Amino acid sequence: MKQRYFIELAYNGTRFHGWQIQPNAVSVQETLAKALSLICREEIAPTGAGRTDTGVHASYFVAHFDSGNANLDNPDFAYKLNSFLGADIVIFRVSKVSETAHTRFDAISRTYHYFINRQKDPFAQETSWYFKHPLNVYQMNVACAVLFDYTDFTSFSKLHTDVKTNDCKIYYARWIEKGNQLIFTVKADRFLRNMVRAIVGTMIQVGQGKMTIQEFKRAIELKDRGAAGVSAPPQGLFLSNIAYPESVFQRMEE
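According to my numbering, the stretch in the sequence shown is residues 11 to 264, in order.
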């Protein structure tokens, strides 16, 4: 019987076409699979906790894989794996889990951050959205409070996805100002494809006075992607946390 492992990692998504393997494009999943297969000397196909789009980053991500090697949950293996990966991916930890543990289905919440720079910064162009126009952050936070009144976020979802429901429970949403930076944090039980970037793009319209709070509510209620704003650029988006029940990370020997 093969052992299942959870692998905790982070990646800069600038040079990747998202997490998921796809033809004729470099993905995080494919890059990780090649490194794991080479080191473990067997075919390894890691499964991610979700998918990030082209150019989107993850300061914390979790994938799982099965291996015939029984003792990969150690710092030496993580160190060796890091040496086989480029500078854009880092491995934090590899942990033994039960054979039924699943990085996607066992997750109980996910948290994203979106970064906006209001002053041009050549060192942040790959990790934030440079937006020089004035924004009413107070109104954008009023819009954040509106999100808690709804569960169907079809208006913020990429069209023609294969999900069974567009319902999500948002636990936290807030904009904060930090120097020249504006940071949006949102936490929910699940997210739809392109959801955070669509929310950010729509809230930017609120912040510019191009959309009222009532119009923001109406956009959600219409359940129509065309009613919401355009998606914010990918480079400002980070998947920053994925939470699991404590039982998921219990080691097999325990």
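Every residue, glycine too, gets a C-beta built ideally from N, C-alpha and C.
In this text, all values refer to a predicted model and were calculated from it rather than measured experimentally.
Exercise for the section: With a cut-off of 8 Å on the beta carbons, I'd call Ala-155 and Met-213 a contact; round off their distance for me. Expected result: Contact doesn't hold; Cβ gap of about 12 Å is too wide.
Practice task
Taking 9 Å as the cut-off, decide whether the C-beta atoms of Phe-166 and Ala-117 are in contact.
Solution key: no
Handout entry: Distance between Pro-132 and Tyr-254 (C-alpha atoms, nearest Å)
Key = 36 Å
Exercise for the section: Confirm, please, whether the CB-CB distance from Arg-14 to Ala-59 is below 9 Å. Expected result: no
Practice task
Note down the Cα distance separating Asn-151 from Cys-178, rounded to an integer number of angstroms.
Solution key: So the two alpha carbons sit approximately 19 Å from each other.
Problem - CA nearest to the CA of Arg-184, picked from Tyr-122, Gln-135, Trp-139 and Ile-230 - result: Tyr-122
Practice task
Rounded to whole angstroms, what's the CA-CA distance from Phe-75 to Glu-231? Just pull it up for me.
Solution key: The straight-line gap from Cα to Cα measures roughly 40 Å.
Practice task
Note down, in chain order, each residue of its chain lying with its Cβ closer than 7 Å to the Cβ of Gln-218, except the 5 sequence neighbours on either side.
Solution key: His-143 and Leu-145
Handout entry: For Ser-69 and Asn-34, the rounded distance between their alpha carbons
Key = 25 Å
Handout entry: Gln-273 - DSSP class collapsed to helix/strand/coil
Key = Here the chain comprises residues numbered 11 to 264, so residue 273 is not present and cannot be evaluated.
Practice task
Taking Ala-73 as part of the beta strand (DSSP E), name the residues at either end of that continuous run.
Solution key: 67-77
Problem - Per-residue DSSP class, three states only, for Gln-215 - result: helix
Handout entry: Residue range of the alpha helix (DSSP H) that includes Asn-251
Key = Unbroken run through Asn-251 is the beta strand (DSSP E), 247-253; no alpha helix (DSSP H).
Practice task
With hydrogens ignored, establish whether the beta-carbon of Val-36 is closer than 8 Å to any heavy atom of the ligand MN.
Solution key: Among the ligands in the structure shown, none appear at all, so the ligand MN cannot be discussed.
Problem - Inter-residue spacing [alpha-carbon to alpha-carbon] between Gly-65 and Glu-109 - result: 32 Å
Practice task
For my contact list, Asn-92 and Val-100 are in at a C-beta cut-off of 8 Å; report their separation, rounded to the angstrom.
Solution key: 6 Å
Problem - Buried versus exposed call for Ser-257 [16 or more other C-beta atoms within 10 Å across all chains shown] - result: exposed
Practice task
Report all residues from its chain with a CB closer than 7 Å to the CB of Ile-31; omit the five preceding and five following residues, and keep chain order.
Solution key: Ser-37, Gln-39 and Glu-40
Practice task
Check each candidate in Ala-237, Lys-90 and Gln-224 and name the one with the smallest Cα separation from Ser-47.
Solution key: Lys-90
Problem - Asn-127, enclosing beta strand (DSSP E) - first and last residue - result: 119-127
Exercise for the section: Rounded to whole angstroms, what's the CA-CA distance from Phe-226 to Glu-52? Just pull it up for me. Expected result: 51 Å
Problem - Nearest neighbour of Ala-55, chosen from Lys-12, Gln-224, Ala-238 and Lys-168 [CA to CA] - result: Lys-12
Handout entry: Beta-carbon proximity list for Phe-87, same chain, < 7 Å, skipping 5 on both sides
Key = Val-104
Exercise for the section: Check each candidate in Phe-125, Val-173 and Ser-250 and name the one with the smallest Cα separation from Gly-189. Expected result: Phe-125
Practice task
Entirely within the segment 131-165 and at least 3 residues each: give me those beta strand (DSSP E) ranges in chain order.
Solution key: none
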